[in-house]
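One structure is given here, and the rest of the page talks about it.
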Amino acid sequence: MHCIVTGGNVKVLAKAVHSLSRIGDELYVEPQEDGLALRSVNSSRSAYACFLFAPLFFSRYSTTSGDNFRCKMAIKSVQSVFRSLTTLEKTVEKCHIDLDKQKDRLTFTLHCKHGLLKTHNLSFQDSESLQAVFDKDSYANVFKAQPRLLVDTVIHFPPSLEEVTVSVSDERMWVRNHVEEEAEASKAMLTELCLASDEFDHFAAQVHNSVTFCLKELRGLLVFAESTGLPVSMYLDEPGSPVVLSVTDSVLEGNFVLATLSDDPSLRKNSSKGAHTAAPPPPDDFMNDDMDSYLIAMDTSIAPGPSNTGPPPPSLADDTRSKRPAAVSHKARIRIEEAEEEEEETDDLDRLPNKKFRSLFFGSVLPPSSQLSTQPMTSQEVLASDSEEET
Amino acid sequence: MKFRGKIIDIACLNHFTRVVTTISKLTKMCVLRLTPDNLFFVLSGKVANGGVSMWCELSQANFFEEYQMEGVSSEDNEICLEVTPENLSRALKTVQNAKAVKVKLTKKHCPCLTIAAELPTLSSVSRVVTHDVPVDVIPRRLWHEFKEPSMPDFDVSIYLPPLKTMKNIVDRMKNLSNFLVIEANLNGEMNLKIETDLVSVTTHFRDLGNPPWGDDASQDGGPSQSRDPESMVEARVDIRRLQQFLMGQQVNPSKAMCNIVHQSVLHLILLHEDMSLQYFIPAVA
Chain H
1 MHCIVTGGNV
11 KVLAKAVHSL
21 SRIGDELYVE
31 PQEDGLALRS
41 VNSSRSAYAC
51 FLFAPLFFSR
61 YSTTSGDNFR
71 CKMAIKSVQS
81 VFRSLTTLEK
91 TVEKCHIDLD
101 KQKDRLTFTL
111 HCKHGLLKTH
121 NLSFQDSESL
131 QAVFDKDSYA
141 NVFKAQPRLL
151 VDTVIHFPPS
161 LEEVTVSVSD
171 ERMWVRNHVE
181 EEAEASKAML
191 TELCLASDEF
201 DHFAAQVHNS
211 VTFCLKELRG
221 LLVFAESTGL
231 PVSMYLDEPG
241 SPVVLSVTDS
251 VLEGNFVLAT
261 LSDDPSLRKN
271 SSKGAHTAAP
281 PPPDDFMNDD
291 MDSYLIAMDT
301 SIAPGPSNTG
311 PPPPSLADDT
321 RSKRPAAVSH
331 KARIRIEEAE
341 EEEEETDDLD
351 RLPNKKFRSL
361 FFGSVLPPSS
371 QLSTQPMTSQ
381 EVLASDSEEE
391 T
Chain F
1 MKFRGKIIDI
11 ACLNHFTRVV
21 TTISKLTKMC
31 VLRLTPDNLF
41 FVLSGKVANG
51 GVSMWCELSQ
61 ANFFEEYQME
71 GVSSEDNEIC
81 LEVTPENLSR
91 ALKTVQNAKA
101 VKVKLTKKHC
111 PCLTIAAELP
121 TLSSVSRVVT
131 HDVPVDVIPR
141 RLWHEFKEPS
151 MPDFDVSIYL
161 PPLKTMKNIV
171 DRMKNLSNFL
181 VIEANLNGEM
191 NLKIETDLVS
201 VTTHFRDLGN
211 PPWGDDASQD
221 GGPSQSRDPE
231 SMVEARVDIR
241 RLQQFLMGQQ
251 VNPSKAMCNI
261 VHQSVLHLIL
271 LHEDMSLQYF
281 IPAVA
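So the protein sequences, as listed, match chains H and F.
The opening residue of the first sequence carries number 1 in full-length UniProt numbering; numbering runs sequentially from there.
The opening residue of the second sequence carries number 1 in full-length UniProt numbering; numbering runs sequentially from there.
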């Protein structure tokens, strides 16, 4: 493989790499007929990102056809090639990327001003194919917004915040932080932001859903989108189905796929598939907050001090939620094809369902057969063996 | 018990946010007292915070366009809440460009101070962001712990040097020792001293000026009046407490002074246009 990136596109490539570094520690490189694919996945397989650069992105792009070459390398090494974005912009004229099969090396050569050449030889490892399966066009809810809108939204949440819940209705989108019930629910600060549909370039909410996913991984995409000015499309489906965010232009396509919390099958109600919709949280009713009854209860209590005077927090149905995604235990490794668990929608937001993160589905394109199956179908033919894999 | 306030002016919002941020740097938790005219952030001196106490007073009219409250009862027309100021600060910092910010006492899963802001948008509908900051209501029988501290019977009162200068010096001294002696006299002279086995360092300030408290300050008339202007009084304090106080200051106050009760307490007073802050650091042996 041999390709050349020139001018401003070097910075775009660099930003994509930095963006992928927010997801996982390794960069998967796969030169394809339709372009160069750079991918990354996090260790728990709950976040995946892929940037596909079309041949037109490059001033020269050649792959040896029929060569199903894939590799992966430490993303930090690639980041160090593109370390300072401002310097890149000012001094780098071209970037050559060459594959040296004999030495298992990918060579990045930066042609800079004044005839300076910086060559980075990065070793790679052969890798399995990393391809998440998702069909964003089949998703019920599609939104498109300028990156500024999303950046302005996430700024209200602290950088340390893990999870955020997005709920949609016909005209509005609510974004609020998600608090785990076992952790100090009564002490956590809750933030909620409401966006109107006309702030979006495109807003189509066919099913009123609520999904919860990790905010941290999203920020990587937002940084990329904001600096390139590309609008971000967001695809939402039911809880458990991953949320997909993508940026597209004529020469590149970036997709970030984030797993969402799903509802535990043991708490499923018999809801008819597809028809039942989740009501988004009601708007905050400012007028009806009655502190007086609370106060009376408190004054008459014999509790000792301020920290102890609250009424006991509501006891919660279930706190056996496990956040560890199923992938770590028994789910698909990347290349073993396996059907994902299918679950019915559970839209009961009044009770607090026991949830766990769904892992992303890698590999299978089987039709969703048994809705009630809670076991992965293991009768699949294993197409590639479980060779090396990280811990 | 109800509270509802609204801030519209951007400058007021900015000031209020800075006050709350300063408080958040001084203590993790404190008590917010709401009265019809004022807001107070209070930290009562307990062993847990090294005996340090704080009293910050704001006049609500300086910040709020609308302010309505109903206290616990008509005789006790006050609300006392225990709050984590950092949460308030975080919530306020993100809404600096809001058209209006409402602060309200609400009951969600627990009592909360809800900060709701209307943000300007390009669309016809404003974007509303709400932050629910959980608080604990403090019952009346504990209110006595959070009363305004009385002015100590100080020996010397002196204006402080520029806080930034003081902070730089204290930062460096902190590397050498855990305790710092602050001494001052009625002649406008102040020294900051540290002493260890290996080294002693003193920084001298002159011509600082002494605030004219007048007759009502020197209550018993005796010691303060007849004190030799050259003689120094001192207080040895935990340097981290002093540093924390200096680090938190975001704006230069109109007046900054300290009162020293010899070997007993260091009382720092900062006066701004729209708020006053008092900070007590007990002296250690």
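Heads up, the beta-carbon is just placed ideally off N, CA and C, and yes, glycines get one too.
Exposed unless 16 or more other CB atoms sit within 10 angstroms - verdict on residue i
| i | result |
| --- | --- |
| R241(F) | buried |
| Q249(F) | buried |
| R141(F) | exposed |
| A116(F) | buried |
| G24(H) | buried |
| E189(F) | buried |
| D152(H) | buried |
| residue 345(F) | No information on residue 345(F) is available, as it lies outside the stretch 1 to 285 that chain F covers here. |
| K104(F) | buried |
| R172(F) | exposed |
| A16(H) | buried |
| N185(F) | buried |
| H144(F) | exposed |
| I10(F) | exposed |
| L116(H) | exposed |
Distance between beta carbons of residue j and residue i, contact taken as under 8 Å
| i | j | result |
| --- | --- | --- |
| R45(H) | G220(H) | Not a contact, Cβ separation roughly 17 Å. |
| M257(F) | L160(F) | 6 Å |
| L192(F) | I158(F) | That pair is no contact at about 12 Å. |
| F203(H) | F134(H) | Their Cβ separation, rounded to whole angstroms, is 21 Å, which puts F203(H) and F134(H) out of contact at 8 Å. |
| D76(F) | S59(F) | With 8 Å as the limit, D76(F) and S59(F) do not qualify as a contact, their Cβ atoms being about 20 Å apart. |
| E217(H) | L258(H) | 6 Å |
| P152(F) | V265(F) | 6 Å |
| L88(H) | A145(H) | L88(H) to A145(H), Cβ: 28 Å. No contact. |
| A205(H) | V168(H) | 4 Å |
| L81(F) | V135(F) | 4 Å |
| L236(H) | F157(H) | With 8 Å as the limit, L236(H) and F157(H) do not qualify as a contact, their Cβ atoms being about 18 Å apart. |
Coarse secondary structure for residue i, derived from DSSP in three states
| i | result |
| --- | --- |
| V179(H) | coil |
| Q102(H) | coil |
| F53(H) | strand |
| F203(H) | strand |
| F286(H) | Confidence at F286(H) is low in this model, with a pLDDT of 42, below 50, so the placement of that residue should be treated as unreliable; the coordinate-derived value is given next. In this structure, F286(H) counts as helix in the three-state DSSP scheme. |
| E145(F) | helix |
| Q125(H) | strand |
| K15(H) | helix |
| I7(F) | strand |
| T114(F) | strand |
| I169(F) | helix |
| H15(F) | helix |
| V284(F) | coil |
| Q68(F) | strand |
| I260(F) | strand |
| Q96(F) | coil |
Spatial neighbours of residue i in its chain, beta-carbon cut-off 6 Å, leaving aside the 5 residues before and after
| i | result |
| --- | --- |
| N87(F) | V133 |
| D350(H) | Note on D350(H): pLDDT 35, under 50, position unreliable in the model; no value is reported. |
| S89(F) | V20, T21 and S24 |
| E234(F) | V181 and E183 |
| F286(H) | Residue placement at F286(H) is flagged as unreliable, the pLDDT there being 42, under the threshold of 50; a coordinate-derived value is accordingly withheld. |
| P149(F) | W55 |
| R4(F) | Q68 and K104 |
| G259(F) | The question names Gly, but residue 259(F) is Asn in the sequence shown. Cβ within range, chain order: F154, S157 and H267. |
| M173(H) | L195 |
Contacts around residue i, its chain only, beta-carbon distance under 8 Å, and the 5 residues preceding and following it disregarded
| i | result |
| --- | --- |
| F124(H) | V29, C71, K72, M73, D104, R105 and L106 |
| S250(H) | A54 and L56 |
| residue 397(H) | This structure gives no information on residue 397(H), because the portion of chain H shown stretches from 1 to 391. |
| S126(F) | K99, E118, L119 and P120 |
| T106(F) | C112, L113, T114 and D132 |
Neighbourhood of residue i by C-beta, 7 Å cutoff - its chain only, sequence neighbours within 5 removed
| i | result |
| --- | --- |
| T196(F) | L176 and S177 |
| L150(H) | L222 and V232 |
Contact test: residue i Cβ vs the ligand NAP heavy atom, cutoff 6 Å
| i | result |
| --- | --- |
| C56(F) | The ligand NAP is absent from the structure shown, which contains no ligand whatsoever. |
- Under 7 Å (Cβ pairs) to chain F, residues found in the stretch 157-184 of chain H: P158
- Query: Which residues, taken in chain order from the stretch 205-218 of chain H, show a beta carbon closer than 7 Å to some beta carbon of chain F?
  - Reply: none
- Message: To be precise: take each residue of the stretch 188-199 of chain H, compare its Cβ to all Cβ atoms of chain F, and keep it if any distance is under 8 Å. Which residues remain?
- Response: A188, M189, L190, T191, E192, L193, C194, L195, A196, D198 and E199
- Could you run through the stretch 74-87 of chain F and flag, in chain order, every residue whose CB is less than 7 Å away from some CB of chain H? E82 and N87
- Task: Compile a chain-ordered list of the residues in the stretch 85-109 of chain H whose CB is closer than 9 Å to at least one CB of chain F.
- Result: none
- Item | Positions along the stretch 130-158 of chain F whose CB lies within less than 9 Å of some CB in chain H | T130, H131, D132, V133, P134, D136, V137, I138, P139, R140, R141 and L142
- At a Cβ cut of 7 Å, what residues of the stretch 26-49 of chain F count as close to chain H, listed as they run along the chain? none
- According to a CB-to-CB cut-off of less than 9 Å, which residues of the stretch 15-28 of chain H neighbour chain F? none
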